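Everything on this sheet refers to the single structure shown next.
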Amino acid sequence: MSTQPTAVITGASSGIGEATARRLAAAGYRVVLVARRLDRIEALAEELGGAGHEGVEAHRVDVTDRAAVDAFAARLDRCDVLVNNAGGALGMDRVAEGDPAEWRAMYEVNVLGVLHMTQALLPALTASGAGTVLVVSSTAGLGTYEGGAGYVAAKHGAHVLAETLRLEIVGTPVRVIEIAPGMVRTDEFSLTRFRGDAAAADRVYAGVAEPLTAADVADSITWAVTRPPHVNVDLLVLRPRAQASHTKVHREL
Ligand code: NDP
Numbered sequence: 002m003s004t005q006p007t008a009v010i011t012g013a014s015s016g017i018g019e020a021t022a023r024r025l026a027a028a029g030y031r032v033v034l035v036a037r038r039l040d041r042i043e044a045l046a047e048e049l050g051g052a053g054h055e056g057v058e059a060h061r062v063d064v065t066d067r068a069a070v071d072a073f074a075a076r077l078d079r080c081d082v083l084v085n086n087a088g089g090a091l092g093m094d095r096v097a098e099g100d101p102a103e104w105r106a107m108y109e110v111n112v113l114g115v116l117h118m119t120q121a122l123l124p125a126l127t128a129s130g131a132g133t134v135l136v137v138s139s140t141a142g143l144g145t146y147e148g149g150a151g152y153v154a155a156k157h158g159a160h161v162l163a164e165t166l167r168l169e170i171v172g173t174p175v176r177v178i179e180i181a182p183g184m185v186r187t188d189e190f191s192l193t194r195f196r197g198d199a200a201a202a203d204r205v206y207a208g209v210a211e212p213l214t215a216a217d218v219a220d221s222i223t224w225a226v227t228r229p230p231h232v233n234v235d236l237l238v239l240r241p242r243a244q245a246s247h248t249k250v251h252r253e254l
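Okay, structure coming up:
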């Protein structure tokens, strides 16, 4: 068994997950990278290994595929931290026009993906004696906005999962942390949401002086994870200064 505390990060192939992997490795964790694009996480594993971080692993796992998640968990010798970060949004359609297939896909990754990974790794997290389940939800898990209902409903699901799990496992050596970011400018999140339309993706951030970066969120995740085990950061809401709410954003246009 590895002597180093081990952190599993889902969605480590880009954005917040990739930045979190870098930060947690720098904080002394052996990081285990999970995503569907194996080439990207293998390259990151190689880079982190080259920088002196030992034992970094990359695993191609689709978190919506329960059999794949279980097979991954069976191969893991230790898990101290699980960062459930894989997720995202599809579309900005109003309820009247929303595509049920996109709603289903968002529920699959943002809610069932978290459920699969958490169920599969909870025994190892408990056995660690001081485990952490962290869920990257969103401010979309706490409030709604027009055109957001499919994503908002899914992130509310992730929020409820975290809150309920915390109630259910109190008294065990596992804590549940939820990090809820507002507007974060990552390379792929909005591009995926707008089905590859770069101009539409750019408009999300138009005139916003400083949206959060992946590194900002990774920094908060790492801070929460590295508190002493008896300290539980239940819920941390993080927004750029220019964003007071989903619908109240200061834009310098
Ligand atoms: P990205 O699109 O850059 O990252 C999403 C990650 O999830 C990718 O690494 C992707 O990897 C992975 N992923 C998607 N589907 C699956 C799957 N089925 N199985 C395994 N991995 C999967 O977005 P961000 O970094 O911006 O977002 C990360 C998280 O933060 C998401 O949960 C998002 O909802 C949340 N968030 C983002 C905000 C933002 O404004 N950017 C704001 C608030 C929350 P791959 O394709 O290789 O599988």
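In terms of the working numbering, the sequence shown opens at residue 2 and continues consecutively. Backbone N, C-alpha and C fix where the C-beta goes; we use that ideal spot for every residue, glycine too. As the structure is a computational prediction, the values presented were derived from the model and not from experiment.
Query	Result
C-alpha distance - G88 paired with L254, whole-angstrom precision	30 Å
Counted within 10 angstroms of its Cβ, other Cβ atoms place G18 as buried (16 or more) or exposed	buried
Cβ neighbours of G208 in the same chain (closer than 6 Å, five flanking residues each side left out)	R252, E253, L254
Per-residue DSSP class, three states only, for Q244	strand
Nearest-angstrom Cα separation, counted from E179 out to V234	7 Å
Contact test: E109 Cβ vs the ligand NDP heavy atom, cutoff 8 Å	yes
Any non-hydrogen atom of the ligand NDP within 8 Å of G1 CB	The structure shown does not extend to residue 1, since the chain is modelled only from 2 through 254, so no value can be given for it.
Host beta strand (DSSP E) of R228 (start-end)	From DSSP, R228 is part of no beta strand (DSSP E); its letter is neither H nor E.
Beta-carbon gap between S3 and R31 smaller than 9 Å	yes
Residue burial classification, T11 (beta-carbon count within 10 angstroms, cutoff 16)	buried
Residues that G132 bridges to, as DSSP identifies them	V175
Cα-Cα separation, S127 to R79	Position check: residue 127 holds Thr in this sequence, whereas Ser was assumed. Approximately 10 Å between the Cα atoms of the pair.
Completely contained alpha helix (DSSP H) runs for the segment 150-205, where each covers 4 or more residues	150-169, 190-194, 199-205
E58 (DSSP reduced to helix, strand or coil)	strand
D100 to D203 span [Cα, whole Å]	23 Å
Where the beta strand (DSSP E) through V82 begins and ends	82-85
Contact set for G130: own chain, Cβ-Cβ below 6 Å, skip 5 residues either direction	P174
Distance cut-off 8 Å: D63 Cβ against heavy atoms of the ligand NDP	yes
CB-CB length for T21 against N86, believed under 8 Å	6 Å
For L237, the three-state DSSP class (helix, strand or coil)	strand
V70, DSSP secondary structure in three states	helix
Beta-carbon gap between L213 and P182 smaller than 9 Å	yes
Best match in A121, G148, V110 for proximity to S138 [C-alpha to C-alpha]	V110
beta-carbon G183 near the ligand NDP non-hydrogen atom, thresh 8 Å	yes
L49 - containing beta strand (DSSP E), residue span	That residue, L49, is in no beta strand (DSSP E); its alpha helix (DSSP H) goes 39-51.
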